[in-house]
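Numbered by full-length UniProt numbering, the letters in the sequence shown go through residues 1 to 484 in order.
One structure below.
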Amino acid sequence: MPPRLGVKPPSTRSKTGCVPCRKRKVKCDEEKPHCARCVRLFLRCAWLPTAKEETAIQHPPSASIGPLAITLTKHPGSATDLFISEFPAATTFSVPYLKHFISFCTKFLTYPNDAEQNPFQRDLVPLASQSLALYHAMAALAAGHMARGQPRHTMAAMRHYTRALKALNDTLSDTHAAKSNAVLGACLLLCVYEISHSDESLWLRHLQGARDLILYRGGPLDQNFLVRFFSLLDVSASLLTSQGTLIPGNYWLESSSSGSSAPRNWPYYDDGVMVDNFHALMAYMAQLSNLSKLSMTAAGKNDPDMIRHLADDIHTELLTWWDARPPEIRHQSNSWRTMPRARPLTVAQKLEEESFSSTRSVVNGCIIYLHHIVDPLGRHPQEQEVADAIKVILDIVRETPEGHGLEMGLFFGLFMTGVAIFDDPDSEDLIRGKMTSRRNITIYHADNGVVLLEALWRKQREDGRKYDWREVQKEMGLQVFILT
Numbered sequence: 001m002p003p004r005l006g007v008k009p010p011s012t013r014s015k016t017g018c019v020p021c022r023k024r025k026v027k028c029d030e031e032k033p034h035c036a037r038c039v040r041l042f043l044r045c046a047w048l049p050t051a052k053e054e055t056a057i058q059h060p061p062s063a064s065i066g067p068l069a070i071t072l073t074k075h076p077g078s079a080t081d082l083f084i085s086e087f088p089a090a091t092t093f094s095v096p097y098l099k100h101f102i103s104f105c106t107k108f109l110t111y112p113n114d115a116e117q118n119p120f121q122r123d124l125v126p127l128a129s130q131s132l133a134l135y136h137a138m139a140a141l142a143a144g145h146m147a148r149g150q151p152r153h154t155m156a157a158m159r160h161y162t163r164a165l166k167a168l169n170d171t172l173s174d175t176h177a178a179k180s181n182a183v184l185g186a187c188l189l190l191c192v193y194e195i196s197h198s199d200e201s202l203w204l205r206h207l208q209g210a211r212d213l214i215l216y217r218g219g220p221l222d223q224n225f226l227v228r229f230f231s232l233l234d235v236s237a238s239l240l241t242s243q244g245t246l247i248p249g250n251y252w253l254e255s256s257s258s259g260s261s262a263p264r265n266w267p268y269y270d271d272g273v274m275v276d277n278f279h280a281l282m283a284y285m286a287q288l289s290n291l292s293k294l295s296m297t298a299a300g301k302n303d304p305d306m307i308r309h310l311a312d313d314i315h316t317e318l319l320t321w322w323d324a325r326p327p328e329i330r331h332q333s334n335s336w337r338t339m340p341r342a343r344p345l346t347v348a349q350k351l352e353e354e355s356f357s358s359t360r361s362v363v364n365g366c367i368i369y370l371h372h373i374v375d376p377l378g379r380h381p382q383e384q385e386v387a388d389a390i391k392v393i394l395d396i397v398r399e400t401p402e403g404h405g406l407e408m409g410l411f412f413g414l415f416m417t418g419v420a421i422f423d424d425p426d427s428e429d430l431i432r433g434k435m436t437s438r439r440n441i442t443i444y445h446a447d448n449g450v451v452l453l454e455a456l457w458r459k460q461r462e463d464g465r466k467y468d469w470r471e472v473q474k475e476m477g478l479q480v481f482i483l484t
């Protein structure tokens with residue numbers, strides 16, 4: 001039997017509460033501009049237009065315009081100049097969302113500023129012409145992203161999300177369709193929708209559903225771009241859930257060495273250096289997540305020496321690996337953007353350098369994460385290695401230009417820096433500003449990460465001692481996701 005999605009279309013029972021309360025199906029006191037529940041949970045309180053306001057901004061009733069032809073153009077001079085995908089279900093309302101998904105969202109799903117004709121644009125988008133689930137998932141994600149800057153798109157995002165869920169659940173009854181890229185792609189896009197647009201934790205259930213689909217297809221060894229996409233979401237999620245990866249083992253390494261069908265130059269500005277090294281780093285991230293999980297069990301809490309010993313082993317392996325990385329990554333200068341050169345860097349070369357900077361940030365975030373597992377309550381003086389990692393991350397962040405979507409590669413390092421500092425208002429301001437700046441410039445954001453850090457900082461200031469962010473996250477009922 002094909003796996004079931006396990007996520008029901010959301011109820012639209014509440015008509016007057018704020019958006020977070022409506023999504024969570026809880027009673028809202030409707031106090032504007034910020035209801036009491038959102039204030040208590042540090043949530044972003046948003047309101048949909050009233051019926052009168054909605055009527056004023058809506059277009060005439062949606063009408064089908066027949067098959068919609070959307071032309072996707074590759075870089076000038078490339079071998080394949082264009083291809084056309086037809087979307088029979090397209091309406092006048094959905095056209096802007098489809099175009100936004102194709103022209104913007106596909107370039108930020110996995111790597112920032114990826115080029116046109118990346119696998120999502122080239123291979124996934126055409127499948128939506130035959131898959132309602134994928135079609136609505138694409139529109140939902142695009143509308144959700146647009147709603148971050150223009151709230152009038154919120155209802156459209158929720159409407160497409162609900163239709164995508166229904167179509168996906170209907171499709172899963174077909175054993176052949178359940179193994180298709182269209183179904184797996186739709187499930188992953190709904191996961192990203194929840195990550196980027198919702199305050200709930202349904203993203204984890206969608207990610208688990210994608211895991212079940214991959215296993216139903218025969219496992220991750222038949223690696224393609226969607227499995228590679230899943231692995232990045234899986235490893236990133238494992239660090240914040242402290243539950244280990246959903247599929248055991250370093251499957252992203254095993255599959256990539258066994259005839260992967262994923263494109264080699266993806267993202268287009270990488271010749272393999274960044275991706276290969278980051279995939280190796282993901283193996284250490286998975287180990288850290290497993291160790292974090294163990295440290296929070298009764299056995300781990302009762303045997304801190306065991307946790308410390310395991311942490312020392314990972315620490316040694318991680319630093320040995322890092323010491324052997326190419327010098328252009330490990331020894332990259334933060335002033336690389338302004339260094340005099342005989343020839344200016346191309347756009348691709350600049351983006352590759354930015355990816356090296358984000359890799360350095362993640363490595364140092366992992367070092368902080370490891371030390372936190374060993375001493376989550378700060379009972380011992382902060383290690384110099386942690387202080388050095390904080391400085392490296394903040395220096396990288398200060399030099400990284402804003403407004404180009406590069407922030408998505410820095411969120412994990414920033415979050416772990418926020419965990420490591422104690423009563424440091426200047427660093428808090430920098431972290432807060434960088435994690436919330438231009439939230440509509442990329443698909444992923446760190447809103448819940450900031451909510452968690454704000455609660456952690458406030459709790460620590462009030463009580464004058466360190467707290468474990470993992471326990472604070474549990475108390476708040478949050479499940480933060482930050483893309484690494």
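Note that CB positions come from ideal geometry on N, CA and C, so glycine has one too.
Remember, predicted model here, so these are calculated numbers, not experimental data.
Taking C-alpha atoms, which residue in the options lies nearest to residue i?
| i | options | result |
| --- | --- | --- |
| Y369 | D323, Y284, G433 | Y284 |
| L291 | T92, H145, D312, P151 | D312 |
| H445 | S355, Q382, H145, P326 | H145 |
| N364 | K459, G464, I195, I329 | I329 |
| residue 526 | L190, A139, K107, A280 | What is shown of the chain runs 1 to 484, which leaves residue 526 out entirely. |
| A210 | L202, E194, F230, S198 | F230 |
| P425 | R337, D276, L168, L453 | L453 |
| I441 | M416, V472, M408, V451 | M408 |
| I396 | H371, I443, I431 | I431 |
| P267 | S198, L351, P344, P376 | L351 |
| W203 | Y216, Q349, D270, D234 | D234 |
| S94 | S198, L132, K107 | L132 |
| P376 | A324, A420, H331 | A420 |
| T175 | D447, K301, Y216 | Y216 |
| H279 | G249, T297, R308 | G249 |
| V347 | A298, D270, P327 | D270 |
| H315 | P304, L410, I373 | I373 |
| L165 | S361, I390, H34, L189 | L189 |
| E200 | N448, V472, E462, L483 | N448 |
| E317 | T297, I367, D303 | I367 |
| E471 | T16, A36, T484, T297 | T297 |
| I443 | A455, L406, Y251 | L406 |
Answer with buried or exposed for residue i, where buried requires no fewer than 16 other C-beta atoms within 10 angstroms of its C-beta.
| i | result |
| --- | --- |
| E30 | exposed |
| G413 | buried |
| V26 | exposed |
| L466 | For the sequence presented, residue 466 should be read as Lys rather than Leu. Buried, because 16 or more other Cβ atoms sit within 10 Å of the Cβ of K466. |
| G418 | buried |
| S335 | exposed |
| V275 | buried |
| residue 488 | Any answer about residue 488 is impossible in this case: the structure gives the chain only from 1 up to 484. |
| A150 | Checking the sequence shown, residue 150 turns out to be Gln, not Ala. It counts as exposed. |
| M282 | buried |
| N118 | buried |
| G433 | exposed |
| K474 | exposed |
| T171 | buried |
| H380 | exposed |
| V19 | buried |
| S129 | buried |
| D212 | buried |
| M435 | buried |
| T106 | buried |
| C28 | buried |
| P220 | buried |
| L319 | exposed |
| T16 | exposed |
Check the C-beta distance from residue i over to residue j and give it rounded, since I have them as a contact under 8 Å.
| i | j | result |
| --- | --- | --- |
| V480 | L240 | 5 Å |
| L246 | Q208 | 6 Å |
| L141 | V192 | 6 Å |
| G378 | F422 | 7 Å |
| E428 | W457 | 6 Å |
| P167 | H153 | Position check: residue 167 holds Ala in this sequence, whereas Pro was assumed. Rounded, the Cβ-Cβ distance is 20 Å, inconsistent with contact. |
| V450 | L478 | Not a contact, Cβ separation roughly 11 Å. |
| S289 | S333 | Rounded, the Cβ-Cβ distance is 31 Å, inconsistent with contact. |
| A147 | H197 | 7 Å |
| L124 | G185 | 5 Å |
Determine, using beta carbons only, whether residue i comes closer than 8 Å to chain C.
| i | result |
| --- | --- |
| F225 | Chain labels in this structure do not include chain C; a single protein chain is all it has. |
Inset, instruction - Would you check if there are 3 or more beta carbon pairs closer than 8 Å linking the stretch 181-189 to the stretch 221-236? - result: At 8 Å Cβ cutoff, the stretches touch.
Inset, instruction - Could you tell me whether the stretch 152-161 touches the stretch 104-112, where touching means 3 or more Cβ pairs closer than 8 Å? - result: Using a C-beta cut-off of 8 Å, the stretch 152-161 makes no contact with the stretch 104-112, since fewer than three inter-stretch Cβ pairs fall below that distance.
Legend entry - Inter-stretch contact at 8 Å, needing at least 3 Cβ pairs: the stretch 230-244 / the stretch 291-309: Yes, the stretch 230-244 touches the stretch 291-309.
Legend entry - Segment contact flag, the stretch 376-391 with the stretch 402-410, C-beta cutoff 8 Å, min 3 pairs: The answer is no - the stretch 402-410 does not touch the stretch 376-391, with fewer than three Cβ pairs under 8 Å.
Inset, instruction - Please determine if the stretch 343-360 and the stretch 266-280 are in contact, where contact requires at least 3 C-beta pairs separated by less than 8 Å. - result: The answer is yes - the stretch 266-280 touches the stretch 343-360, with three or more Cβ pairs under 8 Å.
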